[in-house]
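**Student:**
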Amino acid sequence: MEKKNGKELEKLLTYSLEHIAKRDGSIVSKSYDFCKGYKEFLTASKTERLAAENILSIAKEYGYSEFDPEKTYKAGDKVYVNNRGRAVILSTIGKKTVDNGVNIVASHIDCPRLDLKPNPVFENTDIAYFKTHYYGGIKRYQWAATPLAIHGVVIKTNGEKVEIHIGEDPEDPIFCLTDLLPHLSKDQGERKMRDVIKGEEMNILIASIPFADDNDVKEAVKLSALALLNEKYGITEREFINAELSIVPAGPARDLGLDRSMIGSYGHDDRVCAYTSLMAEVATTDPEFTSVSVYADKEEVGSAGVAGLSSDFMEHFIIYLSQMQGVNYLTTLKNSKCLSADVNAAYDPTFPDVMEARNSCYLNKGVVITKYTGSAGKSGTNDSTAEFMAEITNMLDSKGCFWQTGELGKIDQGGGGTVAKFISAKNIDTVDIGVPVLSMHAPLEVVAKIDVYTAYEAFVAFLNR
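Under this note's numbering, the residues of the sequence shown are numbered 7 to 471, in order.
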């Protein structure tokens with residue numbers, strides 16, 4: 007064997023990644039084009055209900071029909087499951103029977119936000135407000151003094167469902183929660199960061215003009231706000247109890263940076279993985295293995311509830327598929343493979359102390375594979391097997407996909423979780439894969455367009471393996 011010099015051995019034995027644009031300049035224009043549709047989807051999908059609605063709309067355009075467990079489907083058929091308007095499953099039937107396994111890509115479509123409390127409307131010093139309860143992991147102070155919109159549904163006492171969307175159209179009013187001016191925030195400045203804005207201080211400003219006929223009305227501004235809502239939507243204060251109304255950042259997804267290489271927006275976590283896996287799913291036409299693309303709710307609060315992946319709605323679908331093909335669904339689960347499609351924290355050079363540079367993911371270096379999440383000693387994680395890591399990384403290499411690996415910060419700094427542990431609990435090999443994000447869980451998050459496109463390519467490769 008010919009002896010190699012140090013430079014040759016370095017190339018052969020070591021591992022490092024360059025900016026993808028340095029390796030393949032053509033990906034820049036492809037990623038910019040792809041992200042036009044993503045920005046439109048993100049702008050139109052401010053809540054999990056809207057995201058589910060838009061996913062179903064796109065799926066139907068590509069020929070998906072509602073799944074009927076009493077029917078028999080052939081290879082190439084495309085079906086969908088709508089779980090209460092909050093979660094969706096899309097599937098393309100494969101050539102092989104499902105006991106050979108199905109290819110699952112599971113993302114979530116809920117995002118951190120502020121939810122209205124069941125009795126939200128109150129008045130104080132002739133100003134009307136909504137009381138909120140924050141949802142998911144947020145830095146509360148980031149939500150103060152920023153433009154906000156309201157989205158959601160109210161079920162009236164007569165059973166009618168009313169949709170409310172205020173704050174996105176340029177002609178709409180916006181909303182906000184107020185903050186103290188620097189001149190008077192001496193005491194506030196002594197608070198710990200988590201309490202700069204306390205949960206019960208997250209009150210949304212909604213009105214300040216009293217009802218015109220305010221004689222004998224104790225809370226005339228509150229009444230004015232309720233009257234406006236009743237006039238437009240026909241709802242009463244009682245019916246807020248039957249509502250799901252969320253406060254989210256107002257405004258569209260925007261290109262970010264002089265070179266337009268990034269996207270700044272609310273909701274990248276995890277709608278960036280939902281959209282890329284959606285586009286990969288609808289592009290799948292003749293797969294060997296049946297695809298099961300899942301868009302779930304409630305990940306940001308532990309995946310609980312009927313539309314979260316701690317429930318069995320995905321498993322029920324796989325059971326139905328197995329029954330109609332006359333195979334054992336336990337065998338189907340055992341032979342299935344899953345990509346838990348979720349984001350990871352990109353290395354931020356402004357805050358390097360919380361990251362371990364060798365094991366972080368970076369903007370513009372591709373979709374990130376996260377072998378394990380959890381916190382401290384890998385608490386609460388799915389830790390993918392070495393065999394499955396090799397299977398996925400080798401597959402991506404064979405398809406020419408750009409990828410990297412990463413952890414969620416330093417070991418003792420914090421941590422987090424995904425839906426992976428709920429899927430692997432069903433005896434399904436699972437690994438996390440998604441897009442690196444800066445300012446995760448903030449009202450404005452940042453992703454690189456190249457990474458978005460490489461996520462799409464990775465999901466295409468997996469669904470067509």
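For each residue, glycine too, the CB sits at the ideal point set by N, CA and C.
Determine, using beta carbons only, whether T184 and L211 come nearer to each other than 8 Å.
**Tutor:** In this structure, L211 lies closer than 8 Å to T184 by Cβ.
**Student:** Kindly indicate which three-state DSSP category Y38 falls into: helix, strand or coil?
**Tutor:** Three-state DSSP puts Y38 in a helix.
**Student:** From Y551 to G263, what distance separates their C-alpha atoms?
**Tutor:** The structure shown has nothing for residue 551, since the chain only spans 7 to 471.
**Student:** Can you tell me whether A431 is buried or exposed, with buried defined as 16 or more other CB within 10 angstroms of its CB?
**Tutor:** Exposed: under 16 other Cβ atoms inside 10 Å.
**Student:** Using DSSP's beta-bridge definition, name the partner residues of P442.
**Tutor:** Looking at the DSSP assignment, P442 forms a beta bridge with N350.
**Student:** State buried or exposed for V223, treating a residue as buried only when at least 16 other CB atoms are found within 10 Å of its CB.
**Tutor:** Flag for V223 reads exposed.
**Student:** Suppose only complete runs of 3+ residues qualify. What are the beta strand (DSSP E) ranges in the stretch 360–421, listed by chain order?
**Tutor:** As far as the stretch 360–421 is concerned, its whole beta strand (DSSP E) runs of at least 3 residues are 373–376, 409–411.
**Student:** Going by other Cβ atoms of all chains shown within 10 Å of its Cβ, with 16 needed for buried, is Q419 buried or exposed?
**Tutor:** Result: exposed.
**Student:** So, helix, strand or coil for G308, using DSSP?
**Tutor:** G308 falls in the coil class under three-state DSSP.
**Student:** Since I believe F181 is in contact with I144 (beta carbons under 8 Å), could you give me their beta-carbon distance rounded to a whole number of angstroms?
**Tutor:** Actually they do not touch by this definition, with Cβ atoms about 17 Å apart.
**Student:** Given 8 Å as the limit, is there contact between the stretch 437–453 and the stretch 268–275, that is, 3 or more CB pairs closer than that?
**Tutor:** Yes, since at least three Cβ pairs between the stretch 437–453 and the stretch 268–275 fall closer than 8 Å, the two stretches touch.
**Student:** When the Cα atoms are used, what is the spatial distance from S97 to S299?
**Tutor:** If I take the Cα positions, the gap works out to 6 Å.
**Student:** Report yes if the C-beta distance between L18 and K10 is below 8 Å; otherwise report no.
**Tutor:** Yes. Within cutoff.
**Student:** With a threshold of 6 Å on Cβ separation, who are the neighbours of S252 within its own chain once the five nearest residues in sequence on each side are excluded?
**Tutor:** Excluding positions up to five away in sequence, the list reads T53, R119, D121, H157, G158.
**Student:** Which two residues bound the contiguous alpha helix (DSSP H) that contains Y239?
**Tutor:** Y239 -> alpha helix (DSSP H) spans 226–239.
**Student:** Let me know the secondary structure DSSP gives A461 once reduced to three states.
**Tutor:** Three-state result, A461: helix.
**Student:** Kindly list the residues whose CB is nearer than 6 Å to the CB of T152, restricted to its own chain and excluding five residues on each side of it in sequence; keep chain order.
**Tutor:** Within the same chain, T152 has close Cβ partners P449.
**Student:** Nearest to S328 by CA position, among G31, L62, K77, L56, is which residue?
**Tutor:** When each option's Cα is compared against that of S328, the closest is K77.
**Student:** Classify D303 as buried or exposed, calling it buried when 16 or more other Cβ atoms lie within 10 Å of its own Cβ.
**Tutor:** Buried, since its Cβ has 16 or more Cβ neighbours within 10 Å.
**Student:** Going by the beta-carbon positions, is the gap between G314 and T379 smaller than 8 Å?
**Tutor:** For G314 and T379, no; Cβs fall outside 8 Å.
**Student:** Whose CA, out of Y21, E14, I33, E8, lies closest to the CA of N370?
**Tutor:** Looking at the Cα atoms, I33 is the closest of the given residues.
**Student:** Ends of the beta strand (DSSP E) at F128?
**Tutor:** Segment 119–130, the beta strand (DSSP E) holding F128.
**Student:** Return the chain-ordered list of same chain residues with a C-beta closer than 7 Å to the C-beta of E169, the five sequence neighbours on each side being excluded.
**Tutor:** Same-chain partners within the cutoff: V159.
**Student:** Can you name, in chain order, every residue of its own chain whose Cβ lies under 8 Å from the Cβ of V227, other than the five neighbours on each side?
**Tutor:** Once the five neighbours on either side are set aside, the close Cβ partners of V227 are E129, D132, I133, A134, A213, S214, I215, P216, F217.
**Student:** Around the C-beta of N400, are 16 or more other C-beta atoms found within 10 angstroms, so that it is buried, or is it exposed?
**Tutor:** Exposed, since its Cβ has fewer than 16 Cβ neighbours within 10 Å.
**Student:** Hey, I61 and V111: beta-carbon distance below 8 Å or not?
**Tutor:** Going by C-beta atoms, I61 is not nearer than 8 Å to V111.
**Student:** My output table needs one value for K84: the three-state DSSP class, helix, strand or coil.
**Tutor:** Three-state result, K84: strand.
**Student:** When you compare only the Cα positions, how much space is there between I456 and E46?
**Tutor:** Taking the straight line from one Cα to the other gives about 17 Å.
**Student:** If we ignore side chains and look at the alpha-carbon of each, how far apart do E207 and I269 end up?
**Tutor:** Approximately 30 Å between the Cα atoms of the pair.
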